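Going down the list, the protein sequences come from chains F and L. Last residue of the first sequence: 1167 in the working numbering, with the numbers rising by one and none dropped. Last residue of the second sequence: 483 in the working numbering, with the numbers rising by one and none dropped. Built from N, CA and C at the ideal position, the CB exists for glycine as well. The structure displayed is predicted, hence computed values, not measured ones.
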Amino acid sequence: MTKILALDTSTDACSVAINVDGEIHEDFVVAPQDHTRRLLPMVDHLLSKSSLALRDVDAIAFTHGPGSFTGLRICVGIVQGLAFGANLPVIGVSTLEIMAMSAQRLLGLAAGTPILPVLDARMGEVYWALYRLVASESRPDCLLVDQVSPPEDLVSQFEQSNLYLVGGGCPVLDQDQMKHFGVSCQAQFYPHAYDLARLAPELLASGHTQSALDANPVYIRNEVSWEKRRRIRSQ
Amino acid sequence: MRVLGIESSCDETGVAVYDSDAGLIAHHLYSQVKLHADYGGVVPELASRDHIRKTLPMIQRVLRDSGSEPADIDGVAFTLGPGLVGALMVGSCIGRSLAYAWGVPAVGVHHMEGHLLAPMLEENPPSFPFVALLVSGGHTQLMRVDGIGQYELLGESLDDAAGEAFDKAAKMLDLDYPGGPQIAKLASRGTERFKFPRPMTDRPGLDFSFSGLKTYTLNTIAEHAGPDGLPDDQTMADIAYAFQDAVVDTLLIKCRRAVEQTGLKALIMAGGVSANQSLREKLQKVMAKKGVQVYYPRPEFCVDNGAMIAFAGCQRLLAGQTEDLGISVKARWPLTSLPALAG
């Protein structure tokens, strides 16, 4: 029996899911700026609903990013504490991949659909990646890995094409840029821990685990854009 | 009771284990000062990114150093505020979830209460009641302290905190962040050439104001500036001396008034600025004349640290105070709003 605890707070949504041998329960809420208050009570609630103690779990899965910097650290911080305290391995997964899986399940998209999850990266840019959906129980194929770019660069990557856009990054694209993709987008779309809990047993089985000490956000945007001070005299 | 304490409210990551019987048994501090120096101040996003990398490995190390197994830890304390929201969230999330995983209570600690109680980690701790001078980059306050959580605000800065004034003056003098140690170093080569004002000492009351000193510093620099906009090296040192002297003297005058007003015979000083050597020496001298005993933490516990959080948290946990599973960090949080501990 594989038991997974899965957490996501990388967007305005906050969700926790537990997978007990294929049976998945999820608690999902859209609660901007309220993740620290919500997340741990949700974990506790789901565990007790499943009659599980934290130490009964085999691994803790989390979305490592991209996403809101603060949101990612809330999730990673909680996961570090839980996993270190209960001596459990952790599994970090791309937020964008989970969005692709959530879209497949919730929007009923067919296998073979190319899907472009996009998140608002601020500063007029988007985080994005390209996946192709495969059979609904499997991991989508990653065609282009997680990256950050201005919308015009994203558009220039593709010929006129029928890609399915999902996620809070859609409004960053203007109307012409949206038309380029030819398919309406789902901006009000969030990653769900349900799908993380769905994916994690496969990753656990294949050894894609880390120690809690190595659990860290994957920000994608790492360049330091803060202005350094200028010294007048060298010392 | 053995408590793990975590501090991450600004630019230091501090972790410690305090035991109510054995005292402080392990502590470790990681300062991000070098990380922020290039920017002339703390960059919140960089601070948070560093905390999330450093905190858990430091917890592992401190547990090992203290010879503690997880089962030996009876509670977890973490700084809940005040401070940088993103930075506070890191330590709070890790601390709260770790306590949950261990099945022990957790408590969110007020950062300034940590500072205020830090002198109690020393061999000859003060006993209540006493006057406390809290001087850091974010706070300049005089408190009457009758017990843990029994705080009466006597006076505070109406604008910049003393530490903030040091930082700003340091920037004007082309010195690195944090400004306190830099100004003190430069001032050690300075002479009594300038006399800066002692703000708000010409009227009664225990409030402070340091923003005028900043302007005075800027004007003095401009009056003596050379082609690159800065005075010659000796003048710079003289300005640093005059600035430090004015801040120290202002703090001394208000401390003297506070002990006169309260009639208390003990004064503690804590917070980053309390590491200033000139302030320590002069305060000691002034208070000795009045028969007042001065207490302060060892220099490493004047700056932010985990030991003070573990200690303050332990006191509150012993009194039965605990934190819910939901975490609400507090960027602003008046010290006087804390509940008093019985006894």
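For Thr968(F), the closest Cβ of chain L is nearer than 8 Å.
Taking Ala156(L) as the centre and dropping the five residues before and after it, the same chain places the C-beta of Gly145, His167, Gly446, Ala447, Ala450 closer than 6 Å to its C-beta, in chain order. For the segment 186–201 of chain L, the set of residues with a beta-carbon nearer than 9 Å to any beta-carbon of chain F comprises Leu186, Ser188, Arg189, His191, Ile192, Arg193, Thr195, Leu196, Pro197, Ile199, Gln200, in chain order. In the three-state reduction of the DSSP assignment, Pro1046(F) falls in the strand class. With a cutoff of 8 Å on beta-carbon distance, Ala1032(F) and Pro1021(F) are scored as not near each other.
Secondary structure in the segment 1091–1129 of chain F: the beta strand (DSSP E) runs of 3 residues or longer, each lying completely within the stretch, are 1096–1098 in chain order. Assigned with DSSP and collapsed to three states, Cys150(L) falls in coil, not helix or strand. Three or more beta-carbon pairs separated by less than 8 Å are not found between the segment 180–187 of chain L and the segment 238–251 of chain L, which leaves the two stretches without contact.
When CB distances to chain L are screened at a threshold of 9 Å, not a single residue of the segment 1026–1044 of chain F falls below it. Between Ala380(L) and Ala302(L), the C-beta spacing is not below 8 Å. For the pair Val952(F) and Asp959(F), the CB atoms are not nearer than the 8 Å cut-off. Around the beta-carbon of Ser468(L), fewer than 16 other beta-carbon atoms lie within 10 Å, marking it exposed. Comparing alpha-carbon positions, the option among His1124(F), Gly1139(F), Leu1128(F) lying closest to Val961(F) turns out to be His1124(F).
A direct Cα-Cα distance of roughly 8 Å separates Asp464(L) from Ala246(L). The beta carbon of Gln461(L) sits closer than 6 Å to the beta carbons of Val247 from its chain, once the five residues preceding and following it are set aside; these are given in chain order. Beta-bridge pairing by DSSP links Asn264(L) to no other residue.
For Asp1052(F), the beta-bridge partners assigned by DSSP are Val1058(F). In its chain, beyond the 5 residues on either side, Gln455, Leu481 have a beta carbon closer than 6 Å to the beta carbon of Ile288(L).
The contact set of Trp242(L) on chain F, defined by CB atoms closer than 7 Å, consists of Gly1017 in chain order. Residue pairing of Met409(L) in beta bridges, as defined by DSSP: Leu273(L). In the DSSP annotation of this structure, Val285(L) is not part of any alpha helix (DSSP H); the continuous beta strand (DSSP E) holding it starts and ends at 280–287. Inter-segment contact for the segment 431–441 of chain L and the segment 298–312 of chain L is absent: fewer than three beta-carbon pairs are separated by less than 8 Å. The beta-carbon of Gly997(F) is placed no less than 8 Å from the nearest beta-carbon of chain L. The Cβ atoms of Gly453(L) and Val230(L) do not sit closer than 8 Å to each other. At a C-beta separation below 7 Å, Leu465(L) has these neighbours in chain F: Leu972, Pro973, Asp976. Residues His255, Leu274, Val275, Ser276 of the same chain have their beta carbon placed closer than 6 Å to that of Gly411(L), with the five preceding and five following residues left out of the count.
If you compare the alpha carbons of Leu458(L), Leu475(L), Leu391(L), Pro479(L) with that of Val216(L), the shortest gap goes to Leu458(L). Cys150(L) does not reach chain F, its nearest Cβ partner there being about 16 Å away, counting only Cβ pairs nearer than 7 Å. In this structure, Glu152(L) keeps its C-beta atom at 8 Å or more from the C-beta atom of Tyr179(L).
Distance from the CA atom of Asn264(L) to the CA atom of Gln433(L), rounded to whole angstroms, is 11 Å. Spatial neighbours of Pro964(F) in its own chain (CB-CB distance under 7 Å, excluding positions within 5 residues in sequence) are listed in chain order as Asp944. In the three-state reduction of the DSSP assignment, Tyr179(L) falls in the coil class, being assigned neither a helical nor a strand state. Of the residues assessed, Phe1001(F) falls on the buried side of the cut-off, its CB having 16 or more other CB atoms within 10 angstroms. In this structure, Ser980(F) lies away from His957(F), with their beta-carbon atoms at least 8 Å apart.
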